[in-house]
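Inspection log for the structure reproduced underneath, given as structure tokens.
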């Protein structure tokens, strides 16, 4: 549910979320944090005077899920708590007044609250996904694809397109060798995420790989299909030599 859907659902109504003390400002806020933000109701449970949320020990609960933001940087849907003891959801600024979706003493509605001592809170952004290993492929007629991660397929299958080069981004050391059409084996030694393993702009296919690192990988060979998953031990090779077959895709996973 979005903030605007929530506002439409409860506008003009009273809501008593916890069944205590009638329809209070925190009842609307509890519904908002659970129905829209998807957070535990315990953030506001039993808060009594709402302003207590601004101070320890209840502040620690608030800080676990929210970041405090400057009042002049509020955006629609921010949760606002006043030092005098009120809580509401920020709606908009009309150039003269601040408007909030609020309850108590009136039913839920967008109203002006110009009292000072307000603190604005925004749900913490989710932590960025930390990929274990990333890689990308340069493919015939496509150019560089986006980075793939942790077992996703880089390259293509079922399109008969050659993979011409790859890049690997990994926290540990990676060593690479590649067998390239018309060139043969090329030893890249220890690589970085910017190392191009293979060629671009020459129309040459990658034919075989020999990688070393704390990961396993498999490749898709034109006319053959997927190889078995193989540890990157710097000895085993995946692909073919002398058969004119192209690598079409690759997948990698950390061990």
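In the numbering used here, the protein residues as written are 712 to 966.
Even for Gly, the Cβ is constructed at its ideal location relative to N, Cα and C.
Item checked: Among 866, 901, 872, nearest to residue 883 - alpha-carbon criterion -> Your numbering for residue 883 matches position 172 in the chain shown. Among 866, 901, 872, the Cα nearest to that of residue 883 is on 901.
Margin query: Restricting to Cα atoms, I'd like to know which of 782, 736, 775, 833 is closest to residue 665.
Written below: The structure shown does not extend to residue 665, since the chain is modelled only from 712 through 966, so no value can be given for it.
Margin query: Between the alpha carbons of residue 849 and residue 951, how many angstroms are there, rounded?
Written below: On the chain shown, position 138 is the one that residue 849 refers to. On the chain shown, position 240 is the one that residue 951 refers to. Rounded to the nearest angstrom, the two C-alpha atoms are 19 Å apart.
Item checked: Which listed residue (802, 800, 841, 963) has its alpha carbon closest to that of residue 865 -> Locating residue 865 in the chain shown gives position 154, counting from the first residue. Nearest C-alpha to residue 865 among 802, 800, 841, 963: 963.
Check: If you draw a straight line from the C-alpha of residue 966 to the C-alpha of residue 886, how long is it?
Finding: Here residue 966 corresponds to residue number 255 of the chain shown, with the count starting at 1. Here residue 886 corresponds to residue number 175 of the chain shown, with the count starting at 1. In this structure, the alpha-carbon of residue 966 lies about 16 Å from that of residue 886.
Check: Do you know offhand how far residue 889's Cα is from residue 925's?
Finding: Position 178 of the chain shown holds residue 889. Position 214 of the chain shown holds residue 925. If you take the alpha carbons of residue 889 and residue 925, they lie about 18 Å apart.
Check: Pick from 893, 879, 944, 833: whose alpha carbon is nearest that of residue 750?
Finding: Along the chain shown, one-based indexing puts residue 750 at 39. Checking every option, the nearest Cα to that of residue 750 belongs to 833.
Check: Exposed or buried, residue 804, counting other C-beta atoms within 10 Å across all chains shown (16 or more means buried)?
Finding: By one-based count along the chain shown, residue 804 stands at place 93. Exposed is the call here.
Item checked: Entirely enclosed beta strand (DSSP E) segments - the segment 818 to 892, minimum 3 residues -> Listed in chain order, they are 820 to 823, 829 to 834, 844 to 850, 874 to 881, 886 to 891.
Next item on the list: Starting from the C-beta of residue 738, find all residues in its chain whose C-beta is less than 7 Å away, skip the five residues before and the five after it, and write them out in chain order.
Entry: Your numbering for residue 738 matches position 27 in the chain shown. Only 726, 727, 728, 729, 814 meet the Cβ criterion.
Notebook entry, point to check: In three-state terms, what does DSSP make of residue 717?
Noted result: The residue you call residue 717 lines up with position 6 of the chain shown. Secondary structure of residue 717 (DSSP, three-state): helix.
Notebook entry, point to check: Using the beta-carbon count (16 or more within 10 Å), is residue 876 buried or exposed?
Noted result: For the purposes of this step, residue 876 is taken as residue 165 along the chain shown, with counting starting at 1. The residue in question, residue 876, is buried, as its Cβ has 16 or more Cβ neighbours within 10 Å.
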